[in-house]
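Quick notes on the structure that follows.
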Amino acid sequence: MPYHRLNLENEMQNTEHKNDMSDVKKLPKEISEALYKCTELSEKTKIYRILLEDKKKLQGEQILLQESCEEAKRLCEEAHEKIYDLWTRQLQEHQRLEENLQSLMKQKELLTRQRDLAVKLQHHFTVSQMRFENLQQELEQTTAQEESLLHMELLGQKHYVPGK
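Residue 285 in the numbering used here sits at position 154 of the sequence shown; the count goes up by one each step and never skips.
Here is the structure:
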C-alpha cells in the first residue's frame with residue numbers, strides 16, 4: 132500500500148508539475164499580453180493626460196472668450212447708446228432746421244408779396260404822379276389861358292368906352 136500511496140503522490144506531483152510547467156509555458160505569453168496591455172494603458176494614460184491638458188486649455192480659452200464676449204457686448208451696448216444719442220440729436224437738429232426752413236420760407240413768401248405789392252404801389256404811384264403832372268400842366272395851361280383871357284378882357288374893358 133505504501134507503494135500505491137507513493138505512486139499516487141508521485142502521480143499527483145507529476146500532474147502538479149505538468150500543471151506548473153503548463154503555467155510556466157503560458158507565463159511568457161501572459162507576460163507579453165500584460166506588457167502589451169500595460170503599454171496600451173500607458174499610451175491611453177498619456178492620451179488621457181493630453182486630453183486633460185487640452186480640456187484645461189479649452190476651458191481657459193472658453194473663459195477668455197466669455198469675458199471677451201461680455202466685453203464686446205458691453206462695448207456694443209455703449210456704441211449703440213452713443214449712436215442712438217447722436218442719432219437723436221441729429222434728428223432734433225434736423226427737425227429744428229426743418230422748422231427754421233419753414234419759417235424762412237414763410238418769411239420769403241411774405242417778403243415776396245410785400246415786394247410785389249411795393250412794385251404795384253410804385254407803379255400806381257408813378258401813374259398817379261404822371262397824371263398829377265399832366266393835370267398840373269393842364270391846370271397851368273388852363274390858368275394861363277384864363278389869365279390871358281382875363282387880361283384880354285380887362286384890356287378890352289379899358290378900351291371900351293361906355294356910352295359912345
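Cβ coordinates follow ideal geometry from the N, Cα and C atoms, glycine included.
One Cα belongs to residue 256, the other to residue 245, and the distance between them is close to 16 Å. For residue 289, there are no CB contacts under 6 Å within the same chain when 5 residues up- and downstream are skipped. Within the model, the alpha-carbon separation for residue 268 versus residue 276 is close to 12 Å.
In this structure, the straight-line span from the alpha carbon of residue 144 to that of residue 158 is close to 20 Å.
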